[in-house]
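Following: one structure in structure tokens, then a few remarks.
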Amino acid sequence: MKRFFQQFYLLLIFLFLYAPIFTLMLFSFNADKSRVIWQGFTLDWYVELLHDSTIIDSLYVTLVVAFASALFATIIGTAAALGIHCMGRRAKGVYLTVNSIPMSTSDTIMGVTFMLLFAMLAIDKGYLTLILAHITFSAPYVVLNVMPKLRQLDKNAYEAALDLGATPAQALHKVILPEIMPGIITGAIMAFTLSVDDFVVSYFTAGTTSQPLSVVIYSMTRRRISPKINALSTLLFLAVLILLIVINFRQSRDGRNKKHQPLKGVEN
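Numbered per my numbering, the sequence shown spans residues 228 to 495.
Below, the structure is given as structure tokens:
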């Protein structure tokens, strides 16, 4: 009986969290503009969405910024994780604390800070400001995803590669990076997801001709809400959901592989 109530309580929590999203997704197929009365099934709002130049342009901006920021955040985060891993215990703790600051800082504070910084440096708001801001709050997540993989490495693997004649670059490329690649990929996917999902920082750093989807959706909701927003939100939710499923699948697979590694060693 106790287990039943626990599961029922968990079900209620998930219903409370996801019922609004499912309602939005349902009414994206509503034949009428009404948000409370169902008038029949249609895909017209998705067709209109594809012909809306404003939304298509903002989608292009979102994808360009997301791919660029995820790429640079992955490179910077991986390099930072490698450097932190080689530090002493005290220095490592200090840098990991500094790495956590962007994640714990309010998005509003971060957005205003970037706006003032770019204004002080006389940098016009646009793609560059968006990408720089997104790299800043995405890179720490890459560090957190790569660090556990570095801890799992054999401490003597790098030195062994050097003893066998490999250069430092070859040892890094052929020994270290393949071992931590699952963490790098997971961090890159998370950085991409965070960039697509961000609104507050983008609102303060986007230019008039480089507004991502989140900012455009906010501008549209300030007027009468069109069912096209429901269709767009549905597509965004499904895209982010697929990325999160990929992340969880990779993490669970890596966990299973790690669990069975000792067994393989015993068999050999």
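Note that CB positions come from ideal geometry on N, CA and C, so glycine has one too.
Restricting attention to Met408, Asp259 and Leu389, the CA atom closest to the CA of glutamine 379 is found in Met408. Counting the other CB atoms within 10 Å of its CB gives lysine 455 a total of 16 or more, which places it among the buried residues.
CA-CA distance, leucine 237 to glutamate 406, rounds to 37 Å. Within the same chain, Pro395 and Ala398 come within 8 Å of leucine 389 by CB-CB distance, once the 5 residues on both sides are set aside. With respect to the 7 Å criterion, serine 437 and glycine 353 are classified as neighbours on the basis of their beta carbons. Counting of Cβ neighbours within 10 angstroms places tryptophan 265 among the exposed residues, the total staying below 16. The distance from the Cβ of aspartate 351 to that of glycine 434 is about 7 Å, consistent with a contact at the 8 Å cut-off.
According to DSSP, residue pairing for phenylalanine 345 in a beta bridge does not occur.
Looking from the CA of phenylalanine 431, the closest CA among Trp272, Ala346, Tyr368 and Ala393 belongs to Ala346.
Secondary-structure assignment with DSSP links phenylalanine 268 through a beta bridge to Asn257. When DSSP states are grouped into helix, strand and coil, glutamine 379 belongs to the coil group.
Here phenylalanine 299 is near isoleucine 362, since their CB atoms are less than 7 Å apart.
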